[in-house]
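Numbering (our numbering), first residue to last: 280 to 457. Each residue gets a CB set at the ideal place from its N, CA and C atoms; glycine is no exception. Given the structure is predicted, the values throughout are model-derived calculations rather than measurements.
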Amino acid sequence: MKPSLFTALLTLLIIFSSCSKFAYDDVKAFGDELNTWAFYDGNRYYSGNIAMSAVLDTAMQANNTYTLAITGTERITGQLFTTALSLADLNFTVKSYQSGVNGSDHATAMYFSASAASRQSIYSSTNNDPGAVMTYRITHYDAVRDIVTISFSGNVHDELGNMVNISRGKITVHITRQ
280 MKPSLFTALL TLLIIFSSCS KFAYDDVKAF GDELNTWAFY DGNRYYSGNI
330 AMSAVLDTAM QANNTYTLAI TGTERITGQL FTTALSLADL NFTVKSYQSG
380 VNGSDHATAM YFSASAASRQ SIYSSTNNDP GAVMTYRITH YDAVRDIVTI
430 SFSGNVHDEL GNMVNISRGK ITVHITRQ
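In structure tokens:
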């Protein structure tokens, strides 16, 4: 009787171990894999694909920057994830940017919304509504394939105006230049 109980417990241990490894692998892939994004807001994890666009506008803006706009959807809910960076150059030589900065004329921002039609953001960090400062870091740029990896963390406003901490944010995306 004891050997079968031991075998049953061992089998359950193996099953649960493999399930947790699978969940970890799934979490690790988003943000690291091409055309994906991910972030945490404390206890919750959000992730998705950059299926809509990742466009670098190569025309210099009035504030002497270039706009990189990235849009995708959350993999489970379909919620909209949008990030815009006012880049100093077209080759990602400047590695750090911020949104939520008072007095900045840069279009740097992060929005997480219920849908494309929704005017209300679940989370936002934008220079138009300063205070929730988010930092974006260019961690890798492949100039040959035009692929950039961006990590981000900091604060956002939630839909009630409260501050929420965002951590372990990451985007890896192929860029289309226009």
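query: Separation of I417 from H453, as counted between CA atoms; result: 14 angstroms
query: Boundaries of the beta strand (DSSP E) in which H436 is found, first to last residue; result: 426-437
query: Within 8 angstroms, strictly: CB atoms of N409 and V435; result: In the sequence under discussion, the amino acid at residue 409 is Pro, which differs from the Asn named in the question. No. Outside cutoff.
query: Local conformation of A308 per DSSP, three classes; result: helix
query: The beta strand (DSSP E) enclosing I355, as first and last residue numbers; result: Segment: none, I355 is in no beta strand (DSSP E) and carries neither H nor E.
query: Close Cβ partners of L292 (< 7 angstroms) along its chain, the five nearest in sequence each way excluded; result: With a pLDDT of 33 at L292, under the threshold of 50, the modelled position of this residue cannot be trusted, and the question is left open.
query: L347 to L364 span [Cα, whole Å]; result: 5 angstroms
query: Nearest-angstrom beta carbon gap, V443 and Y390 [assumed within contact, 8 angstroms]; result: Contact doesn't hold; Cβ gap of about 13 angstroms is too wide.
query: Contact set for Y303: own chain, Cβ-Cβ below 7 angstroms, skip 5 residues either direction; result: Note that Y303 scores a pLDDT of 40, beneath 50, so its modelled location is shaky; the value from the coordinates is reported in the next line. Correct list: empty, nothing qualifies.
query: Closest by C-alpha distance to S332, when choosing among I349, N322, Y345; result: I349
query: Endpoints, the beta strand (DSSP E) within which M389 is located; result: 388-392
query: For L347, three-class secondary structure by DSSP; result: strand
query: Buried or exposed (CB count within 10 angstroms, at least 16 for buried), T372; result: exposed
query: Those residues which DSSP pairs with N444 across a bridge; result: N434
query: Burial state of H385 (16 or more Cβ within 10 Å); result: buried
query: Rounded distance between the beta-carbons of S404 and G433, thought under 8 angstroms; result: 7 angstroms
query: Cβ pair count under 8 angstroms reaching 3, the segment 326-340 against the segment 352-361; result: yes
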